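>
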Amino acid sequence: MGHEYSGVITDVGESVTDLEVGDAVAINPILSCGECRQCREGNYHICDSIGFLGLSGGNGGFAQSVVVDEHHAVPLGDDVPVEYGALVEPLSVGLHAVRRSGLQAGDSVAVFGSGPIGLAVIQAARAAGAGTIYVSEPRQARRERAADCGADVLVDPSSTDAVEYITSNTDGGVDVSFEVAGVEASFNDAVQSTRPSGTTTVVSIWEEEASTHLNNVVLGERTVTGTLAYLGGPRSDEEYGMVIEMLGDGRLDPDPFITDRIGLDELVDEGFERLIDPESDHVKILVKPNE
Numbered sequence: 001m002g003h004e005y006s007g008v009i010t011d012v013g014e015s016v017t018d019l020e021v022g023d024a025v026a027i028n029p030i031l032s033c034g035e036c037r038q039c040r041e042g043n044y045h046i047c048d049s050i051g052f053l054g055l056s057g058g059n060g061g062f063a064q065s066v067v068v069d070e071h072h073a074v075p076l077g078d079d080v081p082v083e084y085g086a087l088v089e090p091l092s093v094g095l096h097a098v099r100r101s102g103l104q105a106g107d108s109v110a111v112f113g114s115g116p117i118g119l120a121v122i123q124a125a126r127a128a129g130a131g132t133i134y135v136s137e138p139r140q141a142r143r144e145r146a147a148d149c150g151a152d153v154l155v156d157p158s159s160t161d162a163v164e165y166i167t168s169n170t171d172g173g174v175d176v177s178f179e180v181a182g183v184e185a186s187f188n189d190a191v192q193s194t195r196p197s198g199t200t201t202v203v204s205i206w207e208e209e210a211s212t213h214l215n216n217v218v219l220g221e222r223t224v225t226g227t228l229a230y231l232g233g234p235r236s237d238e239e240y241g242m243v244i245e246m247l248g249d250g251r252l253d254p255d256p257f258i259t260d261r262i263g264l265d266e267l268v269d270e271g272f273e274r275l276i277d278p279e280s281d282h283v284k285i286l287v288k289p290n291e
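Residues in the sequence shown are numbered from 1 upward in steps of one, following UniProt numbering.
(1) For the region 51 to 132, which segments carrying the beta strand (DSSP E) assignment without a break, of at least 3 residues, lie completely within its bounds, in sequence order?
(2) Do you know whose CA, among Ile262, Phe272, Phe257, lies nearest Val283's CA?
(3) Measuring alpha carbon to alpha carbon, tell me which residue in Ile117, Ile262, Leu247 is nearest Pro289.
(4) Less than 8 Å between the C-beta atoms of Gly94 and Gln140, yes or no?
(5) Within the chosen definition, does the region 101 to 114 reach the region 170 to 185 through at least 3 CB pairs nearer than 8 Å?
(6) Per the DSSP calculation, Arg261 is bridged to which residue(s)?
(7) Is the number of C-beta pairs between the region 56 to 74 and the region 232 to 246 that are closer than 8 Å three or more?
(8) Who are the near neighbours of Ser49 in its chain, counting only those whose CB is closer than 6 Å to its CB and skipping five residues on each side?
(9) Can you have a look at Pro81 and say buried or exposed, based on whether 16 or more other CB atoms are within 10 angstroms of its CB?
(10) Go through the region 204 to 251 residue by residue and report every complete run of the alpha helix (DSSP H) that reaches 4 residues or more, in order.
(11) Would you give the residue range spanned by the beta strand (DSSP E) that Arg37 belongs to?
(12) Give me the Cα-Cα distance between Tyr84 and Val218, rounded to the nearest whole angstrom.
(13) Could you check if Gly61 is buried or exposed, using at least 16 other CB atoms within 10 Å of its CB as the buried criterion?
(14) So Gly173 packs on Ser186, CB below 8 Å; how close in whole Å?
(15) In this structure, does DSSP put Glu179 in helix, strand or coil?
(16) Around the Cβ of Thr227, are there at least 16 other Cβ atoms within 10 angstroms (buried) or fewer (exposed)?
(17) Beta strand (DSSP E) containing Ala26: first to last residue?
(18) Within 10 angstroms of the Cβ of Val8, are there 16 or more other Cβ atoms? Answer buried if so, exposed if not.
(19) Per DSSP, what are the beta-bridge partners of Gly7 in this structure?
(20) In three-state DSSP terms, what is Val16?
(21) Rounded to whole angstroms, what is the Cα-Cα separation between Ser168 and Asn43?
(22) Just to confirm, are Pro116 and Ser136 a CB contact at a threshold of 8 Å?
(23) For Gly131 and Gly102, what's the separation of their Cα atoms in angstroms?
(24) Residues in the same chain with beta-carbon distance under 7 Å from His45, minus the five sequence neighbours each way, listed in chain order, please.
(25) Under 8 Å between the Cβ atoms of Met1 and Gly54?
(26) My guess is that Ala128 and Val153 are in contact by the Cβ rule of under 8 Å, so how many angstroms apart are they, rounded?
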């Protein structure tokens with residue numbers, strides 16, 4: 001398991017030309033067939049048989065060591081510590097979502113949900129030059145993290161009508177909204193919080209169906225678009241490279257994501273158990289291999 005990881009190369013195959021032993025790399029885990037229409041068009045991240053190292057094939061970040069094809073390993077360079085490389089994957093999700101949204105510098109933004117990916121969206125939106133960023137999140141600790149990541153206005157939807165609040169403070173709605181919670185209410189709020197002709201980008205992966213009134217899209221000529229992961233395959237270094245560059249120059253800040261560091265032998269009790277606790281305030285717990 002483990003699809004968000006980084007490491008230092010200890011050996012390379014005979015055909016590897018651009019990487020050397022000792023290089024620090026972040027792993028782009030996307031697995032693609034290379035043959036379907038999407039792959040032929042360069043959209044490896046939406047391959048017909050998409051998979052991920054550490055989720056659906058190959059060893060992941062919770063192994064002591066892994067073997068990957070050359071294109072999966074994206075160099076971190078000299079300015080990004082190895083442990084920050086483990087955050088390149090979720091930050092790339094946020095970057096890709098913002099690029100998919102069409103956000104322009106100065107646009108007002110609303111983000112619904114500020115878990116790890118919501119935080120990544122906030123940072124990517126801020127780096128892209130967003131204007132005022134509103135965040136709707138019921139948990140106080142996550143709202144505080146959102147502020148650390150660049151959110152301007154925090155809304156608790158359990159006590160405040162998020163749609164009413166956002167639309168009344170933005171002359172009818174934000175330019176761009178992001179749904180990052182994966183629940184029906186947050187999707188509908190995200191759509192209704194945008195101005196007519198605004199755009200909602202759905203980032204979350206859904207476990208259940210959602211019901212919505214499509215007149216909220218039709219009557220305001222709003223756009224709803226989906227986003228999945230980040231560029232992969234032979235293009236693995238494109239958006240990963242952008243994130244690594246922004247980590248290196250400070251446009252992205254990894255520190256608000258890291259809430260603890262543990263060893264591999266502590267993975268269950270100090271890792272999984274704490275993260276699935278509904279009262280937990282943890283975001284990302286970094287796991288280091290055993291010495």
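Yeah, the Cβ is synthetic: ideal placement off N, Cα and C, and Gly gets one too.
The structure presented is a predicted model; accordingly, all values stated were derived computationally and were not measured.
To lay it out plainly:
(1) Scanning the region 51 to 132 for uninterrupted beta strand (DSSP E) segments of 3 residues or longer gives 73 to 75, 109 to 112, listed from N- to C-terminal end.
(2) Of Ile262, Phe272, Phe257, the smallest CA-CA separation from Val283 is found for Phe257.
(3) Of Ile117, Ile262, Leu247, the residue nearest in Cα terms is Ile262.
(4) No; because the gap between Cβ atoms is not below 8 Å, this pair is not in contact.
(5) The region 170 to 185 and the region 101 to 114 touch, with three or more beta-carbon pairs separated by less than 8 Å.
(6) Answer is Leu286.
(7) The region 232 to 246 and the region 56 to 74 touch, with three or more beta-carbon pairs separated by less than 8 Å.
(8) The beta carbon of Ser49 is closer than 6 Å to those of Cys33 in its chain, skipping five residues each way along the sequence.
(9) Sixteen is the threshold: since fewer than 16 other Cβ atoms of the shown chains lie within 10 Å of the Cβ of Pro81, the residue is exposed.
(10) If we require 4 residues or more, the alpha helix (DSSP H) runs fully inside the region 204 to 251 come out as 215 to 218, 236 to 249.
(11) Element bounds for Arg37: not the beta strand (DSSP E) but the alpha helix (DSSP H), 37 to 40.
(12) The straight-line gap separating the alpha-carbon atoms of Tyr84 and Val218 is approximately 42 Å.
(13) When all chains shown are included, Gly61 counts as buried.
(14) That belief does not hold up - the Cβ atoms of Gly173 and Ser186 are roughly 16 Å apart, past 8 Å.
(15) Strand at Glu179.
(16) Under the 10 Å beta carbon count, Thr227 is surrounded by 16 or more other beta carbons and is classified as buried.
(17) Where Ala26 is concerned, the enclosing beta strand (DSSP E) stretches over 24 to 27.
(18) Burial call: exposed.
(19) Gly7 is bridged to Val25.
(20) DSSP places Val16 in coil when its eight states are reduced to three.
(21) Each residue's alpha carbon lies about 39 Å from the other.
(22) No, they are not a contact pair.
(23) Whole-angstrom Cα-Cα distance: 14 Å.
(24) Correct list, in chain order: Ile30, Leu228, Ala229, Tyr230, Leu231, Gly232.
(25) Contact: yes.
(26) Ala128 to Val153, Cβ: 18 Å. No contact.
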